[in-house]
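Inspection log for the structure reproduced underneath, given as structure tokens.
Numbering (our numbering), first residue to last: 1 to 150.
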């Protein structure tokens, strides 16, 4: 059977304290392309035994390919949820865009620029979006809309 390194196994490899030198040598060879017999044959001269490999599997450092695919799907879901920005982060991203857009209007956008500077949170910037869109046009306002959405 072909095995892959798990995230826990990668961390153990970097840590170096959880693996014996023999286990470490065998662990490095597991790349999803070599099967168990090939790794045992390649490391037999170093004294690696099936018990060493069983220990790596038992500790969760080596996993079958189907478990790797499942784990990768879980990582993708975790990353997708982690990339959602808080309202404060969205405000910090959108404020400079709104200030730049209203400043580009010159005296014509003076009051709108003051309103943007007075906006202290995301909701206040969202309330100003229609006025900014009508002043600068939908094409230029798209950057602000994107910053407010993300």
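Glycine is no exception: its CB is placed at the ideal position from the N, C-alpha and C atoms.
Note that this is a predicted model, so its numbers are computed, not measured.
Identify which residue in the options has its Cα closest to the Cα of residue i.
i, options, result
"residue 122", "108, 138, 147 and 4", "147"
"residue 1", "33, 139 and 113", "33"
"residue 108", "48, 124, 134 and 88", "134"
"residue 24", "96, 87, 124 and 48", "48"
So, using beta-carbon positions, are residue i and residue j closer together than 8 Å?
i, j, result
"residue 3", "residue 62", "yes"
"residue 12", "residue 52", "no"
"residue 136", "residue 101", "yes"
"residue 99", "residue 116", "yes"
"residue 90", "residue 15", "no"
"residue 60", "residue 8", "yes"
"residue 29", "residue 20", "no"
"residue 46", "residue 22", "yes"
Which one or two residues does DSSP pair with residue i in a beta bridge?
i, result
"residue 63", "4"
"residue 35", "2"
What is the C-beta distance between residue i and residue j, in whole angstroms, given that I count them as a contact (C-beta under 8 Å)?
i, j, result
"residue 144", "residue 129", "7 Å"
"residue 112", "residue 131", "6 Å"
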